[in-house]
Amino acid sequence: MSDLQFFGHIIDNEEVESLGGERFDAWNPWTREVWAQAADGMAADADRAVASARRAFDEGPWPRLGRVERGKAIHRLADLMEARADDLAWMDSTNMAKPFEQAKHDVARSVWNFRFFADHQRDHCGETFPMDSGHHTYSEFGPAGVVAAISPWNFPLMMASWKIAPAIAWGNTCIIKPSEDTPASVTLLGRLAAEAGFPPGVLNVLNGHGAPAGSSLTGDDRVDRVTFTGSSTTGKLVMASAATHLAPVSLELGGKGANIIFEDADLENAVYWAVEAIFRNAGQICLAGSRLFIHRSIADEFMRRFVAAAEALTIGDPFDPSTRFSSLASKRHFDKVASYVESARALGGTVLTGGVADDGTWVVRPTIVTDLALDAAPYCEEIFGPVCVVNVFDTEAEVVHLANDTRYGLNAMLFTENLSRAHRVASALRAGTVWVNCFFIRDLRTPFGGVGDSGVGREGGNFSREFFTEPKAVVMQIDRKG
Ligand code: TXE
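Using my numbering, read the sequence shown as starting at 150 and increasing by one per residue.
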């Protein structure tokens, strides 16, 4: 018997092996060792998970529980997550080399996702309009049914909670399939949901690979909604699969975020956020500020400070409290990012700092590249690693054009002390989120999502309500005519 930890599927509140006993290894990318195993879901396991969620929705208490009781159950789950916060964070740090302090921060945000939607569904459950025609009309937001949620490995718990929380809060039942790179924390979440007293089948966890586990969920006609975060390429497959049974999709895909530093920016603040935007989580963030545009008049000074700040990041063991930056999440991902650094050099780019660590680890150091052509692959494509490509600009119109010249449109950042310019440029940028003088700050009431290859639809607050419910209009006669 192996003494590795095991993460099964959670179906009907029971932790189970795959029906055929299939398992896969979970790696610790910092030590480059296998530290756990997880059940590898096949089509038959997906079938079982969907059947359970379907039963829980059609016959179980959850959709009929009432908003207050449902909210209380979700707060109980949030309480348990808080009690096990260090374990959840430990799992994400072990599973993808996220610095432990950052993992703890992600757990806190995950807890808040649950608390927010537990309350939001109670407080935003309808609207009424008296009509001049002598009628009264109101809207109802009933649950949509069974939700299939597919999440990535870069924020294993947080991305999953971002999908699960609104789905279950609005009365749906849910099957979450975490990434095969990071099965641990979401499985623990499933165990905690059972402990919190969720009825069986409300939150099922299906571990396994994109195919067959993920694709079996998206193509199942008993699934009513599909919410996915991952690559643009896989997003297209997910959408096509959901289209076979007309299930609405919400897709949060890749990005190539522009970060614009105007000549009047508060430089200290701008450097701080530029570092966070591309080197936090080793750049494995869809929202990363991976294309940096600096006004020519401050370029030398900004770059001097930016390179120094990048080189000052302590690289190491994710559990060392001084670590700000660690290895990439998997060997596969390390190879991908390393090949982009190589191609940046081959295409004439100047690597000002960083590059592959070359010590056998899966570390790519904080990397800053200049002199790339605007059509070079490392400049245009999502690298999803700690690689920042830099350009200078002269005018506002020029930089807006450069920033928008991408097939992605998830987010952008701009740094200026000029109020009018801040609003003008924020409005002109083609992106789902624009941060002014900051990064990564989020209010759950606002829309989140992207344009172009960055996704389809928005989630957050009432945007999540629209997606996870079947809104209905009821019209009632008040004054009898004639
Ligand atoms: O993504 P995938 P991968 C980007 C990033 C990264 C690249 C590849 O550029 O380098 O994608 O990463 C599941 N049907 N992002 O391969 O394949 C899969 O099991 C249903 C950006 O990890 O998109 C996992 O759970 N599901 C991103 C999830 O999809 C399928 C975050 C994401 O995997 C499936 C992650 C299928 N056919 C990567 N194939 C972001 N937007 O934040 C795979 N999956």
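Glycine is no exception: its CB is placed at the ideal position from the N, C-alpha and C atoms. Predicted model only: the values in this text are computed from it and were never measured.
Where residue i falls: helix, strand or coil (DSSP)
| i | result |
| --- | --- |
| A202 | helix |
| K405 | coil |
| E632 | Residue coverage of the chain in this structure runs from 150 to 631, which leaves residue 632 outside it and unanswerable. |
| W184 | strand |
| D174 | strand |
| G104 | Only positions 150 to 631 of the chain appear in the structure, and residue 104 is not among them; the question remains open. |
| I532 | coil |
| R591 | coil |
| K485 | helix |
| N353 | strand |
| F377 | strand |
| P515 | strand |
| V424 | helix |
| L501 | strand |
| I317 | helix |
| L400 | strand |
| V372 | coil |
| V605 | strand |
| F411 | coil |
| M280 | strand |
| V165 | strand |
| H358 | coil |
| I160 | strand |
| F474 | strand |
| F249 | helix |
| F263 | helix |
| F347 | coil |
| F616 | helix |
| W302 | coil |
Whole-Å CB distance - residue i paired with residue j, under 8 Å assumed
| i | j | result |
| --- | --- | --- |
| N611 | T582 | About 16 Å separates the two Cβ atoms, so there is no contact after all. |
| G406 | A437 | 6 Å |
| A195 | Q186 | Between Q186 and A195 the Cβ distance is about 19 Å, and since that is not below 8 Å, they are no contact. |
| D524 | G498 | 13 Å between Cβ atoms; not a contact. |
| V295 | D373 | 5 Å |
| S242 | F468 | 6 Å |
| A318 | Q270 | 4 Å |
Contact test: residue i Cβ vs the ligand TXE heavy atom, cutoff 8 Å
| i | result |
| --- | --- |
| I159 | no |
| W311 | no |
| W302 | yes |
| K253 | no |
| C323 | no |
| F173 | no |
| K480 | no |
| F156 | no |
| L366 | yes |
| D602 | no |
| P178 | no |
| L109 | Limits of the chain in this structure are 150 at one end and 631 at the other, which puts residue 109 out of reach. |
| P327 | yes |
| K247 | no |
| G504 | no |
| F588 | no |
| A318 | no |
| F533 | yes |
| K232 | One point to set straight first is that residue 232 is Ala, not Lys, in the sequence displayed. No, the beta carbon of A232 sits no closer than 8 Å to any heavy atom of the ligand TXE. |
| D330 | yes |
| C435 | yes |
| E163 | no |
| A360 | yes |
| I299 | yes |
| T393 | no |
| V490 | no |
| G170 | no |
| T463 | no |
| L386 | yes |
| G403 | yes |
Beta-bridge pairing of residue i - partner residues as DSSP gives them
| i | result |
| --- | --- |
| W584 | M562 |
| L395 | None; L395 has no bridge partner. |
| V539 | L441 |
| E289 | G275, K621 |
| Q433 | DSSP, once it has assigned bridges, lists no residue as partnering Q433. |
| T322 | V295 |
| Q626 | H284 |
| F597 | E608 |
| Q154 | A185 |
Cβ-heavy atom distance, residue i to the ligand FMN, below 8 Å
| i | result |
| --- | --- |
| D508 | Ligands in the displayed structure: the ligand TXE; the ligand FMN is not one of them. |
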